[in-house]
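Residue numbers for the sequence shown follow UniProt numbering, beginning at 1 and rising by one. Beta carbons: idealized from backbone N, C-alpha and C, even for Gly. Notes to accompany the following structure.
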Amino acid sequence: MIAEMNDQQIDDLLTEAIVGRIGCAAGGETYVVPVTYAYDGESLYGHSADGKKVRLMRQNPAVCFEVDQFDDLSHWRSVIAWGQFEELSGAEAEAAMERLVARLRPLMAQASTRPDHGIVPGSVPAGSVQRISGRESSAERPKPHAPTTGQAGHAPQSAVLYRIRLTSKTGRYEKP
Numbered sequence: 001m002i003a004e005m006n007d008q009q010i011d012d013l014l015t016e017a018i019v020g021r022i023g024c025a026a027g028g029e030t031y032v033v034p035v036t037y038a039y040d041g042e043s044l045y046g047h048s049a050d051g052k053k054v055r056l057m058r059q060n061p062a063v064c065f066e067v068d069q070f071d072d073l074s075h076w077r078s079v080i081a082w083g084q085f086e087e088l089s090g091a092e093a094e095a096a097m098e099r100l101v102a103r104l105r106p107l108m109a110q111a112s113t114r115p116d117h118g119i120v121p122g123s124v125p126a127g128s129v130q131r132i133s134g135r136e137s138s139a140e141r142p143k144p145h146a147p148t149t150g151q152a153g154h155a156p157q158s159a160v161l162y163r164i165r166l167t168s169k170t171g172r173y174e175k176p
């Protein structure tokens, strides 16, 4: 039986999940991409390279976000939320990065095999984010929006910290 989730169930799934999908559209182009995120009960926080997703959200800040948990065809939960993209800078960007690191660090048993994600266990002590990088793990971390040294064959990119202020949410689940 498919049923509507209540507000608490919706917030629980948004809090528990690690990966969601942002849907954005601008200039006749639609784009959906998975992202890791942190949720504070009102907004989602994310970290990204300054690429296609960010470009589209800057052009049209109205976005959609989806997260789900799938156990099997008769046991699943799904939330869809709508909100407004906001690019963060300064203290807000630092606070967002601290929130993301706190949320994602427990899931990292070792340094990533893809060093371009910008978060390395132990590289950012809790509560002391001073600089960040969106593309390359290194001891030297630039401030938000400062160019980083790109990986071999890739142009340097800057890190973008963002918030999606949720304006509405809905959820459904199925259990026999």
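Sequence-distant partners of VAL63 (beyond 5 residues in either direction) whose C-beta falls short of 8 Å from its own C-beta, in its chain, are ILE22, GLY23, CYS24, MET57, TRP82, GLY83, GLN84, PHE85 and ILE164. The beta carbon of LYS53 sits closer than 7 Å to those of ILE22, CYS24, TYR31 and VAL33, all from its chain and outside the five residues before and after it, given in chain order. Every alpha helix (DSSP H) stretch that sits fully inside the region 37–103 and reaches 4 residues is listed by chain position as 52–59.
Per the coordinates, the alpha-carbon of ALA49 lies some 31 Å from the alpha-carbon of ASP71.
Residue nearest to SER158 within the set SER89, GLY20 and LEU166 is SER89 (criterion: CA-CA distance).
Distances from the alpha-carbon of TYR173 to those of GLU94, ILE80 and TYR162 put ILE80 closest. Rounded to whole angstroms, the Cβ separation of PRO176 and SER74 is 5 Å, and the two are in contact under 8 Å.
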